[in-house]
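These notes are about the structure you will find just below.
Number of protein chains: 2
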Amino acid sequence: MRPPRLRQLVDVLAARLGTLGVIWDTDGKAPYETSARHGQGHACAVVRPTTREELFWVVEQLLDADTSFVVQGAGTGLVAAATPSPTGTQWVISTQRMKQSLEVDVKNRTATVSAGYRLSDINQAAARHGLVFPIDLGADPTIGGMVATNTGGARLVRYGGVRENLLDVRAVLARGPASIVGGQRALRKNNTGLIWSQLLCGTFGAFGIITEATLKLHPLPRQTATALVATDSASAAIDLLVSLESDLGEFVSAFEGISRNALGAVLRHGVQSPFSQAPDYAVLLELATTMPANLGMDLESLLTDWLEQRLADGLVKDAAVGKPEQLWRIRHGISEAIQGLGRMIAFDIAVPRSRFGEFREKSVRLVEEMVEGAVVYDFGHLGDGGVHLNVVVPTQTPDGAVNALRDAVYALTVNGFDGSFSAEHGVGPYNQRWYAEYTEPAKLELAAALHHHFDASRRIGNVRLDNQTQ
Amino acid sequence: MRPPRLRQLVDVLAARLGTLGVIWDTDGKAPYETSARHGQGHACAVVRPTTREELFWVVEQLLDADTSFVVQGAGTGLVAAATPSPTGTQWVISTQRMKQSLEVDVKNRTATVSAGYRLSDINQAAARHGLVFPIDLGADPTIGGMVATNTGGARLVRYGGVRENLLDVRAVLARGPASIVGGQRALRKNNTGLIWSQLLCGTFGAFGIITEATLKLHPLPRQTATALVATDSASAAIDLLVSLESDLGEFVSAFEGISRNALGAVLRHGVQSPFSQAPDYAVLLELATTMPANLGMDLESLLTDWLEQRLADGLVKDAAVGKPEQLWRIRHGISEAIQGLGRMIAFDIAVPRSRFGEFREKSVRLVEEMVEGAVVYDFGHLGDGGVHLNVVVPTQTPDGAVNALRDAVYALTVNGFDGSFSAEHGVGPYNQRWYAEYTEPAKLELAAALHHHFDASRRIGNVRLDNQTQ
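For the record, the sequence lines run as chains A and B.
Heads up: the first sequence is residues 1 to 470, going by my numbering.
Heads up: the second sequence is residues 1 to 470, going by my numbering.
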């Protein structure tokens with residue numbers, strides 16, 4: 001079948017979806033073409049269905065027209081998995097208008113949500129019932145994008161990521177002809193074999209397009225207590241984590257490591273230091289409880305008492321218990337504070353927590369040895385071994401040196417520490433190269449079988465988990 | 001290739017594995033032929049490798065000999081997925097001797113364990129470091145069996161099941177020739193595409209044989225508080241759950257419903273009632289905290305205070321806070337107490353918590369209408385919507401009536417309440433029939449593609465997730 005002319009397909013789609021449903025002018029397409037961090041694409045056109053049935057029909061039209069497409073939520077992904085290729089031949093299916101329903105079942109502690117709703121929408125609806133969907137991110141992605149990406153975030157140490165909080169999905173498969181699969185079984189226990197949610201979560205849209213998700217909600221904490229703590233080293237921070245989990249395990253809702261450099265950058269950027277001396281390694285720790293204070297436990301006093309004991313036994317060098325917003329501002333201010341210091345090379349990696357101290361030492365040394373003038377401003381979700389190793393190199397550093405650095409850091413992470421080259425951002429065109437390098441052959445073979453099963457026409461997305469090029 | 005004579009294959013295997021490694025006499029085979037609840041099989045022979053490499057080699061030998069096999073852990077599964085078929089042509093590969101290593105990484109809060117270790121072994125090792133693998137079951141299965149089955153249990157409401165606590169697996173695939181895949185990445189964040197653990201967990205050995213698993217451990221609670229509580233109805237018990245989670249969310253570690261009939265049976269069986277009046281519906285609730293009492297919170301006082309408020313506002317009719325062992329004895333005594341009252345028909349189902357009250361009413365009515373003299377002694381993991389609907393029917397009830405009852409209860413559960421016909425026991429020959437009935441065609445097609453990919457020779461196990469007969 002020969003592809004119809006673009007204009008013809010646009011007319012067919014607009015006849016059903018209306019003029020808001022199809023965008024093909026240059027200005028209108030622009031917001032869908034830029035990746036949040038890596039790369040600039042070029043879309044043939046953008047189509048914006050509003051319902052599951054419309055999406056299904058759109059996929060059929062695009063497949064019939066022999067047209068390749070990529071699915072995009074809010075466009076907040078960091079590996080360019082939802083950015084159209086630069087060729088200008090790929091359509092974008094945007095799920096942003098898919099907002100048919102957002103239902104909270106209070107007694108079941110679940111929400112069933114159309115793919116186009118944002119994380120903030122879900123949490124606004126949940127909060128009205130004293131509930132929360134506890135994936136804590138800097139961005140505000142759509143739920144469809146979150147499921148496809150398996151987003152993690154800062155509170156995974158307490159609640160798990162999307163995968164652990166996903167009960168069911170509905171999806172459109174492009175397995176020709178297109179089909180709608182899955183459901184909305186809001187069950188915590190359902191041990192009946194293969195699960196769409198597990199296959200479609202964290203496979204980046206390669207095998208199907210999420211239309212709805214059923215999510216576990218959690219009771220909204222009524223008290224939180226936050227502290228910024230100074231320790232001797234990254235290893236000492238892990239010892240502190242072990243002690244904290246042992247004593248106050250179920251309260252821990254964040255344990256974020258902040259290196260001396262990262263803290264320094266934020267403080268130079270206008271935030272006041274809570275410490276008299278710059279610590280070698282700092283930790284932002286947060287406790288949370290659903291318990292109302294009138295039941296007899298004041299969480300902030302509890303944390304203060306506990307930290308005083310840790311000061312006494314030397315595990316902690318200094319500590320400031322304080323207003324959550326102020327302390328989180330230090331943690332969230334790092335990215336902004338290091339902008340403009342040079343060229344930023346970001347690594348989203350993870351290692352076993354027990355090896356974090358050693359990893360940090362070796363990776364910082366590696367970076368400093370490989371690129372002259374490079375400075376590491378690392379921070380991370382220590383509670384789950386996640387490390388955002390942000391490296392600032394002089395702006396004139398050649399691309400070759402940057403690429404060599406990336407290769408070397410990922411090799412150290414994966415080969416040296418049994419770590420991950422993508423802890424939470426997933427796989428997309430940005431890091432397909434390291435996916436190819438570090439994925440075992442048997443997994444690529446499985447992915448090939450699944451690509452063949454779900455996407456025989458090879459028209460969906462720009463992530464190939466079997467590592468074949470489009 | 002023609003299959004060699006049994007004796008020949010036994011000699012080949014015994015030459016490498018030793019005489020303890022191969023069992024083919026009738027008495028020796030017997031323990032491997034009986035399912036814990038459903039069905040009696042007949043094994044051709046039993047082979048018991050001790051290492052991953054031996055297992056790999058055994059699978060190759062059996063595939064070469066064109067021999068079919070089933071993999072078995074401790075034999076505690078309840079749907080006969082690990083029981084050899086009655087034909088006497090299937091080998092059993094027992095993983096019970098696979099105990100190469102059990103390593104606890106305290107700072108990472110993980111354990112890496114060979115498939116043959118039991119749940120109790122892991123917890124003994126973890127407890128020495130103040131940690132626990134918190135899957136709470138009546139049985140003591142092997143870790144390989146737990147992963148393949150995705151076991152749930154009584155504390156899932158707090159910790160999740162095996163799936164949520166599984167970081168990585170190693171496995172032997174029978175994809176000819178056999179191969180060893182996966183690893184031991186002890187990472188909480190690793191968002192790099194397909195995950196063996198997610199595919200092999202809860203697919204009952206159909207696609208591969210677990211050799212090692214890397215598990216999340218949790219800090220061991222230092223205080224628990226347990227109460228048996230009387231409520232007006234199953235629906236009122238759910239209201240109590242919502243209130244408890246809202247106030248004391250992170251402490252809740254079990255919320256088990258016990259029906260009037262089930263409680264009555266236990267009490268008649270010699271356990272003393274903590275209540276003056278038999279309640280319509282009882283709940284065993286358990287709180288747990290890692291917090292030492294000397295940090296200022298006594299969990300039992302907290303629970304007592306909270307329950308007094310619920311007595312005051314009428315959500316609770318009566319309550320006994322007491323020794324955990326005594327109260328759990330009531331819950332664990334149900335199965336024994338109803339033995340001998342007639343023929344027991346067990347249902348392991350789940351429904352959304354919000355619909356539990358209505359489901360209970362309708363299912364009890366259905367049972368009583370369909371089988372004369374039938375009595376429902378239900379209890380369940382209410383915190384996660386799990387219901388063990390145990391029905392005792394008169395011993396002379398014909399099989400046809402029992403089968404019709406099973407069909408009707410599962411239909412009500414799945415079609416009427418968006419529930420599950422197997423909440424935690426998984427899928428095996430016992431319930432393959434309902435799997436066939438309630439699994440959507442697209443999922444069967446996916447399973448067929450996976451069976452083809454992993455097991456082209458169709459020699460592994462006796463669970464067919466594509467629903468094709470052997």
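Here a beta-carbon is modelled for each residue, glycine too, at the ideal position from N, C-alpha and C.
Quick caveat, the model's predicted, so the values are computed rather than measured.
Looking only at DSSP bridge pairs, what is residue i linked to?
i        : result
B:Asp318 : B:Ala230
A:His218 : A:Val132
B:Asp348 : B:His388
B:Glu103 : B:Thr112
B:Trp91  : B:Phe69
B:Gly182 : B:Arg170
B:Ser420 : B:Ala350
To the nearest angstrom, how far is it from the Cα of residue i to the Cα of residue j?
i        : j        : result
B:Gly419 : A:Asp105 : 15 Å
B:Leu287 : A:Gly426 : 36 Å
B:Arg477 : B:Val10  : Any question about residue 477 of chain B goes unanswered here, given that chain B covers just 1 to 470.
A:Val22  : A:Leu166 : 31 Å
B:Thr231 : B:Gln277 : 11 Å
A:Thr397 : A:Asn403 : 11 Å
A:Arg353 : A:Val387 : 10 Å
B:Arg92  : B:His42  : Here the sequence assigns Val to residue 92 of chain B, which means Arg is not the residue at that position. Cα to Cα, the separation comes out at about 10 Å.
B:Ala225 : B:Gly380 : 19 Å
B:Gly145 : A:Thr51  : 41 Å
B:Asn462 : A:Leu194 : 16 Å
B:Arg16  : B:Trp24  : 16 Å
A:Leu446 : A:Leu302 : 50 Å
A:Arg260 : A:Leu267 : 10 Å
B:Asn415 : B:Val79  : 22 Å
A:Trp306 : A:Leu244 : 9 Å
B:Arg406 : B:Gly257 : 22 Å
B:His38  : B:Gln432 : 12 Å
A:Gly152 : A:Asp136 : 8 Å
A:Ser85  : A:Tyr430 : 12 Å
B:Gln309 : A:Lys216 : 28 Å
A:Gln72  : A:Asp66  : 19 Å
B:Gly77  : A:Thr192 : 14 Å
Return the chain-ordered list of same chain residues with a C-beta closer than 6 Å to the C-beta of residue i, the five sequence neighbours on each side being excluded.
i        : result
A:Ser68  : Gln90 and Arg459
A:Val391 : Ile345, Val367, Ala374 and Val376
B:Tyr435 : Val427
B:Phe417 : Val351, Arg355 and Phe359
B:Gly383 : Val157 and Phe255
Spatial neighbours of residue i within its chain, please: C-beta separation below 8 Å, excluding the five flanking residues on both sides.
i        : result
B:Arg118 : Ala74, Asp140, Pro141, Thr142 and Ile143
B:Ala442 : none
Our contact map puts residue i next to residue j with C-beta atoms below 8 Å; I'd like the distance itself, whole angstroms only.
i        : j        : result
B:Gly205 : B:Trp196 : Not really, about 14 Å apart at Cβ, beyond 8 Å.
B:Gly357 : B:Ile210 : With a Cβ gap of about 38 Å, B:Gly357 and B:Ile210 do not count as contacting.
A:Thr304 : A:Phe251 : Actually they are not in contact, since the Cβ atoms of A:Thr304 and A:Phe251 sit about 14 Å apart, beyond 8 Å.
A:Ile349 : A:Thr413 : 5 Å
A:Asp168 : A:Thr95  : At roughly 18 Å, the Cβ-Cβ gap does not stay under 8 Å, so A:Asp168 and A:Thr95 are not in contact.
A:Val172 : A:Val229 : That belief does not hold up - the Cβ atoms of A:Val172 and A:Val229 are roughly 47 Å apart, past 8 Å.
What residues in its chain sit with their C-beta under 7 Å from that of residue i, if we drop five residues either side in the sequence?
i        : result
B:Leu13  : Gly21, Val22, Val47, Val58 and Gln61
A:Ser273 : Leu267
B:Tyr410 : Phe421 and Trp434
Chain E beta carbons: is any one of them nearer than 7 Å to that of residue i?
i        : result
B:Lys323 : In summary, chain E is missing from the structure at hand, where the protein chains are A and B.
Below 6 Å, is the gap between the Cβ of residue i and the nearest heavy atom of the ligand SAH?
i       : result
A:Gln96 : The model on display carries no ligand, and the ligand SAH is accordingly not part of it.
**Message:** Output needed in chain order: residues of the segment 33-58 of chain A with a Cβ under 8 Å from some Cβ in chain B.
**Reply:** none
**Item:** Positions along the segment 255-270 of chain B whose CB lies within less than 9 Å of some CB in chain A
**Value:** none
**Asked** What residues from the segment 406-432 of chain A come within 8 Å of chain B, judged by C-beta to C-beta, listed N to C?
**Response** Asp418, Gly419, Ser420, Phe421, Ser422, Ala423, Glu424, His425, Gly426 and Val427
**Request:** Taking only beta carbons into account, state which residues of the segment 283-302 of chain B come closer than 7 Å to chain A, listed in chain order.
**Result:** Thr289, Thr290, Met291, Pro292, Leu295, Gly296, Met297 and Leu302
**Request:** Mind checking the segment 187-202 of chain A against chain B and listing, in chain order, the residues whose C-beta falls within less than 9 Å of any C-beta there?
**Result:** Leu187, Arg188, Lys189, Asn190, Asn191, Thr192, Gly193, Leu194, Ile195, Trp196, Gln198, Leu199, Cys201 and Gly202
**Item:** Residues within the segment 214-225 of chain A neighbouring chain B, beta-carbon criterion of under 9 Å
**Value:** His218, Pro219, Leu220, Pro221 and Arg222
**Item:** Short-range partners of chain B found in the segment 336-366 of chain A, where Cβ spacing is below 7 Å
**Value:** Ala350, Pro352, Arg353 and Ser354
**Asked** Relative to chain B, which residues along the segment 97-110 of chain A have a C-beta separation below 9 Å, given in chain order?
**Response** Asp105, Val106, Lys107, Asn108, Arg109 and Thr110
**Message:** Using a Cβ-Cβ cutoff of 9 Å, what residues of the segment 381-394 of chain B are near chain A? List them in chain order.
**Reply:** His381, Gly383, Asp384, Gly385 and Gly386
**Asked** Using a beta-carbon distance cut-off of less than 9 Å, what residues from the segment 140-152 of chain B approach chain A?
**Response** Thr149, Asn150, Thr151 and Gly152
**Request:** Output, in sequence order along the chain, the residues in the segment 109-136 of chain A whose CB is closer than 8 Å to any CB in chain B.
**Result:** Arg109, Thr110 and Gly130
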